[in-house]
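In our numbering, the protein residues as written are 4 to 55. All residues carry an ideal CB built from backbone N, CA and C; glycine is no exception. Bear in mind that the values here come from a model prediction, so they are computed numbers and not experimental data.
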């Protein structure tokens, strides 16, 4: 799964600046269920790709 890279972000500025994102959800780990699992997986993937 690839959610994009920092160099393709729409925001202007120095490429060394971390791109920030807020994840808002009613279900978030450690809750059980598909939605909580997907939110957690997406948050981990964003962090691996340099988002903060």
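Pairwise C-alpha distance: residue j and residue i
{"i": "residue 24", "j": "residue 39", "result": "17 angstroms"}
{"i": "residue 34", "j": "residue 41", "result": "11 angstroms"}
{"i": "residue 27", "j": "residue 36", "result": "16 angstroms"}
{"i": "residue 22", "j": "residue 32", "result": "23 angstroms"}
{"i": "residue 44", "j": "residue 30", "result": "13 angstroms"}
Chain D within 8 angstroms of residue i, Cβ atoms only
{"i": "residue 21", "result": "Looking at the structure shown, chain D is missing, and only one protein chain is on hand."}
Chain-order list of residues whose beta-carbon lies under 7 angstroms from that of residue i (same chain, five-residue window excluded)
{"i": "residue 46", "result": "26"}
Sequence-distant residues of the same chain with beta carbon closer than 8 angstroms to residue i, five excluded per side
{"i": "residue 19", "result": "none"}
Neighbourhood of residue i by C-beta, 6 angstroms cutoff - its chain only, sequence neighbours within 5 removed
{"i": "residue 54", "result": "22 and 24"}
> Along the chain, which unbroken stretches of the alpha helix (DSSP H) at least 4 residues long are found entirely within the stretch 13 to 49?
Replying inline: none
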